[in-house]
Amino acid sequence: MNRLLSICTVLAVLAFASCGQDSKQMEAQVAKLAKLSELGTVEYVVSKVVKANDDATWFKFGDRKILFSCKANLKAGIDLSELAKDSVIVDYKQRAISLVLPKAKILSLNMKPDDIELVYEKTALTRFSYSNAERDMIMAQGEKDIKDKVPEMGILADAEKNAKFFLEAFFSQAGFSIIEIKFSKQ
Amino acid sequence: MKSIISRIVTIVILVVAGGLFLKFSNFDIAGLFKVKPIVIDKTANVVGEIRRLAEYATGTYYYNVVIKKSKEASLFGIKMPDNELVLVITGKVRAGFDLSKLQDQDIIADSVSITVRLPKVQILDVITNPSDFETFEESGKWSHEEVTGYKNEARATLEIEAINGGILEFAKKSGKENLTSFLQALGFKNVTILLTN
Chain A
0 MNRLLSICTV
10 LAVLAFASCG
20 QDSKQMEAQV
30 AKLAKLSELG
40 TVEYVVSKVV
50 KANDDATWFK
60 FGDRKILFSC
70 KANLKAGIDL
80 SELAKDSVIV
90 DYKQRAISLV
100 LPKAKILSLN
110 MKPDDIELVY
120 EKTALTRFSY
130 SNAERDMIMA
140 QGEKDIKDKV
150 PEMGILADAE
160 KNAKFFLEAF
170 FSQAGFSIIE
180 IKFSKQ
Chain B
0 MKSIISRIVT
10 IVILVVAGGL
20 FLKFSNFDIA
30 GLFKVKPIVI
40 DKTANVVGEI
50 RRLAEYATGT
60 YYYNVVIKKS
70 KEASLFGIKM
80 PDNELVLVIT
90 GKVRAGFDLS
100 KLQDQDIIAD
110 SVSITVRLPK
120 VQILDVITNP
130 SDFETFEESG
140 KWSHEEVTGY
150 KNEARATLEI
160 EAINGGILEF
170 AKKSGKENLT
180 SFLQALGFKN
190 VTILLTN
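Note that the protein sequences, when read in sequence, are chains A and B. One point on numbering: in numbering that gives the first Met the number 0, the residue at position 176 of the first sequence is 175, and numbering is uninterrupted. One point on numbering: in numbering that gives the first Met the number 0, the residue at position 50 of the second sequence is 49, and numbering is uninterrupted.
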């Protein structure tokens, strides 16, 4: 009777454990082409030190430290697909154009693998070294921090200034003599 | 005998009191044994370089690349199951025109007609960020340098897939359509967009 109970207990534990295993399926390779209409007018190369100290879990003995040095390329500009129909006013006789562009935004952020350098890593004897998943998770936090700090960088103001400069030159070449470019306040 | 009974009663009272405390105090005992997430320290973002651009992106291609790697493993000379690394990378390729290459003679206009010669369509960016990488399987030790090599492999695959998937043709067509309708909205009746091959 006792033996039967033990077998049942082991089976139940195994069944429970298998339910907890990673049940994710490999994602299918999906390709998708999509239209864009984005005028990128400025690129910032931002460098950052990303460092972490994994000592917050009380029952894990020993410390782990990691430090990366990385670069991210941020491109900003105008999404012309957001251009409203009534945002362009043209006076053909005067050869004048008035254009209200949407506000500048970040068009892309790119942290190339080659631009991420592992500078320092230290692991106590009682711990495992950082796994690839953990390293990516740490770098993803660095990526998010760069994205979050975009408003403080001045990149959007530069993007609008450059967009104005480029479009003024373009419209001038297209024959307009009075060119007014503004940016939407929304 | 009396002392044994009083001890049992004390234990029962303590267990019941402990149970009631856990039930009604919202004390999360499981939380005590949760692994705390690794949080990065606050550091500055330093703008190192600023470049003026005039890139007109007209097409994008999203794709998932799966990289599978394995290597032999052994423990004290005894062969062990292979170490495996499977990465799923969700990347994006942007294509379009570098309008900084436009020369004055590439835009010819009069009051009703305009002709614009666009530069050659090109891949503008292959974008893969740390948040785009998913480690689906990882056993054994994989160094940062090894994984960087595999990620670069994935980026190269992504670019090739985008080109084979027709991103350049798509961006060319989309750019021509976008620019034509934009210039028509400016009042030009005859719009000609020439594409450099």
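Note that beta-carbon positions come from the ideal geometry of N, C-alpha and C, so glycine has one too. Model, not experiment: these values are computed from the prediction.
Separation of residue 91 of chain A and residue 193 of chain B (C-alpha to C-alpha, rounded to the nearest whole angstrom) is 24 angstroms. Using a CB distance below 8 angstroms, the part of the region 124 to 143 of chain A facing chain B consists of 128, 130, 131, 132, 133, 134, 135, 136, 137, 138, 139, 140, 141, 142 and 143, ordered along the chain. Listed along chain B, the residues sitting closer than 8 angstroms to residue 53 of chain A by beta-carbon distance are 37.
Classified as exposed, residue 125 of chain A has fewer than 16 neighbouring CB atoms from the shown chains inside 10 Å of its CB.
Any Cβ of chain A closer than 8 angstroms to the Cβ of residue 110 of chain B would place that residue at the interface, and such an atom is present. Nearest in C-alpha terms to residue 68 of chain A, of all of A/93, A/60, A/47 and A/52, is A/47. Per DSSP, reduced to three states, the secondary structure at residue 78 of chain A is strand. Excluding residues up to 5 positions away in sequence, 82 lie with their Cβ nearer than 8 angstroms to the Cβ of residue 140 of chain B in the same chain. Contact of residue 24 of chain B with chain A is not assigned, every C-beta pair being separated by 8 angstroms or more. Interface annotation, residue 195 of chain B: not in contact with chain A, CB-CB separation never under 8 angstroms. Among the residues of chain A, those whose CB is under 7 angstroms from the CB of residue 59 of chain B are 33 and 35, following chain order. The DSSP assignment places complete beta strand (DSSP E) segments of no fewer than 3 residues inside the region 128 to 172 of chain B at 132 to 137, in order along the chain. The beta carbon of residue 80 of chain B is closer than 8 angstroms to those of 72 and 138 in its chain, skipping five residues each way along the sequence.
For residue 64 of chain B, the closest alpha carbon among the candidates B/175, B/75, B/131 and B/173 is that of B/131.
Residue 176 of chain A is classed as exposed because its beta carbon has fewer than 16 other beta carbons within 10 Å across all chains shown. Take residue 171 of chain B, set aside five residues on each side of it, and the residues of its chain with a beta-carbon closer than 7 angstroms to its own are 120 and 194, in chain order. Excluding residues up to 5 positions away in sequence, 96, 167, 170 and 171 lie with their Cβ nearer than 7 angstroms to the Cβ of residue 178 of chain A in the same chain. Between the region 160 to 168 of chain B and the region 50 to 64 of chain B, the count of C-beta pairs closer than 8 angstroms reaches three or more; the two stretches touch.
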